[in-house]
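Enquirer: Residue numbers (my numbering): 1278 to 1544.
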């Protein structure tokens, strides 16, 4: 009797729901002004010398967009207008991974299949170590271990192993808080802290973009302006003509696109 192909390729009913968190190498006060760029309600709390952001709403994935793409966009949006790196962790029923964004440098990421099989370039871990100031030998060996097959470690165990290495860079997640846990559990743990804040999603980019179903190009233009302002201000404070010019260019390009949309609106 031939095997039932529908069962062979069907996903278990208990498949874990997607989850995500963002680690910012900055205090919560420094993260708050940038949170509206995510256009998503977030819980923000301290994670040692870092801050951690957890999506407050559910679902935060819409329109079939993959988790890694969403988290890459979130990490880049936070990092481009700040002086600190952002590490995004994500997981779904099939894979789990991480993305590191810092300034205008190209984000670098790594992923594992659900059973823990490595599915990325090992060079990415070396870039992680260099950009985060980790020990290239001791920490580098630990990160390299995450790129080697290990039948005893699934994808979520790999993420926990990554967090263990990041403790050497000052990451200290709240007690009971672990990547790979269901979103409800993460929100519960994050919300139990005394210094938790509700940020993003209201006002800023999201508050304007959601109203009236604004076109994607218009939303991107608003994001460019919103990012350009802090970048230019940071460049002026640091007396960096290069960063100030980048911020002004972002504001100019976004403003031009907004003006064009006003005169020649898209259908």
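All C-beta atoms, glycine included, are put in the ideal place defined by N, C-alpha and C.
Quantities reported herein were computed from a predicted structural model and do not represent experimental measurements.
Excluding five sequence neighbours on each side, which residues of the same chain lie with their C-beta closer than 8 Å to the C-beta of residue 1452?
Expert: In the chain shown, residue 1452 corresponds to position 175, counting from 1. So the list reads 1466, once near-sequence residues are dropped.
Enquirer: Compare the Cα-Cα distances from residue 1375 to each of 1352, 1417 and 1447 and report the closest residue.
Expert: To locate residue 1375, count along the chain shown from 1; it is residue 98. Residue 1375 has its Cα closest to that of 1352, out of 1352, 1417 and 1447.
Enquirer: Can you give the Cα-Cα distance for residue 1303 and residue 1432, rounded to whole angstroms?
Expert: Counting from one through the chain shown, the residue named residue 1303 turns up at place 26. Counting from one through the chain shown, the residue named residue 1432 turns up at place 155. Cα-Cα distance, rounded: 27 Å.
Enquirer: Around the Cβ of residue 1415, are there at least 16 other Cβ atoms within 10 angstroms (buried) or fewer (exposed)?
Expert: Along the chain shown, one-based indexing puts residue 1415 at 138. Residue 1415 comes out exposed.
Enquirer: Taking the alpha helix (DSSP H) that residue 1303 belongs to, which residues open and close that run?
Expert: The count along the chain shown starts at 1 and reaches residue 1303 at position 26. Neither: residue 1303 is in no alpha helix (DSSP H) and is coded neither H nor E.
Enquirer: Distance check for residue 1298 and residue 1318, CA to CA, integer angstroms please.
Expert: Counting from 1 along the chain shown, the entry for residue 1318 is found at position 41. Counting from 1 along the chain shown, the entry for residue 1298 is found at position 21. So the two alpha carbons sit approximately 12 Å from each other.
Enquirer: Residue 1300 and residue 1312 - do their beta-carbons sit closer together than 8 Å?
Expert: Counted from its first residue, the chain shown places residue 1312 at position 35. Counted from its first residue, the chain shown places residue 1300 at position 23. In this structure, residue 1300 does not lie closer than 8 Å to residue 1312 by Cβ.
Enquirer: So, helix, strand or coil for residue 1444, using DSSP?
Expert: Counting from 1 along the chain shown, the entry for residue 1444 is found at position 167. Looking at residue 1444 - three-state DSSP - the assignment turns out to be helix.
Enquirer: In angstroms, rounded to a whole number, what distance separates the CA positions of residue 1372 and residue 1305?
Expert: Here residue 1372 refers to the residue found at position 95 when the chain shown is read from its first residue. Here residue 1305 refers to the residue found at position 28 when the chain shown is read from its first residue. Using only the alpha carbons, I get a separation of about 29 Å.
Enquirer: Have a look at residue 1396 and residue 1476 and give me their C-alpha separation to the nearest angstrom.
Expert: Numbered from 1 along the chain shown, position 119 holds the residue referred to as residue 1396. Numbered from 1 along the chain shown, position 199 holds the residue referred to as residue 1476. Looking at the two C-alpha atoms, the distance is approximately 33 Å.
Enquirer: Report the option in 1442, 1472 and 1343 whose CA atom is closest to the CA atom of residue 1296.
Expert: Here the question's residue 1296 lines up with position 19 in the chain shown. For residue 1296, the nearest C-alpha among the options comes from 1343.
Enquirer: In whole angstroms, what separates the C-alpha of residue 1308 from that of residue 1418?
Expert: If you number the chain shown from 1, residue 1308 lands on position 31. If you number the chain shown from 1, residue 1418 lands on position 141. Distance between the alpha carbons of residue 1308 and residue 1418: 31 Å.
Enquirer: Tell me residue 1373's beta-bridge partners as DSSP assigns them.
Expert: Position 96 of the chain shown, counted from the start, is the residue given in the question as residue 1373. BP columns for residue 1373 point to 1368 and 1389.
Enquirer: Is the CB-CB distance between residue 1362 and residue 1388 below 8 Å?
Expert: For this step, residue 1362 is matched to residue 85 along the chain shown. For this step, residue 1388 is matched to residue 111 along the chain shown. No Cβ-Cβ contact shorter than 8 Å links residue 1362 with residue 1388.
Enquirer: Which of the three DSSP states, helix, strand or coil, is assigned to residue 1409?
Expert: Numbered from 1 along the chain shown, position 132 holds the residue referred to as residue 1409. It is helical.
Enquirer: Identify which residue in 1369, 1462, 1392 and 1327 has its Cα closest to the Cα of residue 1294.
Expert: Position 17 of the chain shown, counted from the first residue, corresponds to residue 1294. Each of 1369, 1462, 1392 and 1327 was checked against the Cα of residue 1294, and the nearest Cα belongs to 1369.
Enquirer: Answer with buried or exposed for residue 1547, where buried requires no fewer than 16 other C-beta atoms within 10 angstroms of its C-beta.
Expert: Missing from the structure shown is residue 1547; the chain here goes from 1278 to 1544 and no further.
Enquirer: Per the DSSP calculation, residue 1474 is bridged to which residue(s)?
Expert: As a first step, residue 1474 must be located in the chain shown, where it is residue number 197. According to DSSP, residue pairing for residue 1474 in a beta bridge involves 1321.
Enquirer: Can you tell me which of 1440, 1445 and 1382 puts its alpha carbon nearest to the alpha carbon of residue 1411?
Expert: In the chain shown, residue 1411 corresponds to position 134, counting from 1. For the residues 1440, 1445 and 1382, the minimum Cα distance to residue 1411 belongs to 1445.
Enquirer: Helix, strand or coil: which one does DSSP assign to residue 1432?
Expert: Start at 1 with the first residue of the chain shown, and residue 1432 comes out as number 155. Residue state, collapsed to three classes: helix.
Enquirer: Do residue 1423 and residue 1439 have their C-beta atoms within less than 8 Å of each other?
Expert: One-based indexing of the chain shown puts residue 1423 at position 146. One-based indexing of the chain shown puts residue 1439 at position 162. Yes, the pair counts as a contact, with Cβ atoms nearer than the cut-off.
Enquirer: Could you give the DSSP three-state label for residue 1296: helix, strand or coil?
Expert: The residue given as residue 1296 occupies position 19 in the chain shown. The answer is strand: DSSP assigns residue 1296 an E or B state.
Enquirer: Spatial neighbours of residue 1333 within its chain, please: C-beta separation below 6 Å, excluding the five flanking residues on both sides.
Expert: Numbered from 1 along the chain shown, position 56 holds the residue referred to as residue 1333. Contacts found: 1318, 1319 and 1320.
Enquirer: At which residues does the beta strand (DSSP E) containing residue 1329 begin and terminate?
Expert: Within the chain shown, residue 1329 is the residue found at index 52, counting from 1. Run containing residue 1329: 1327-1332, per the beta strand (DSSP E) assignment.
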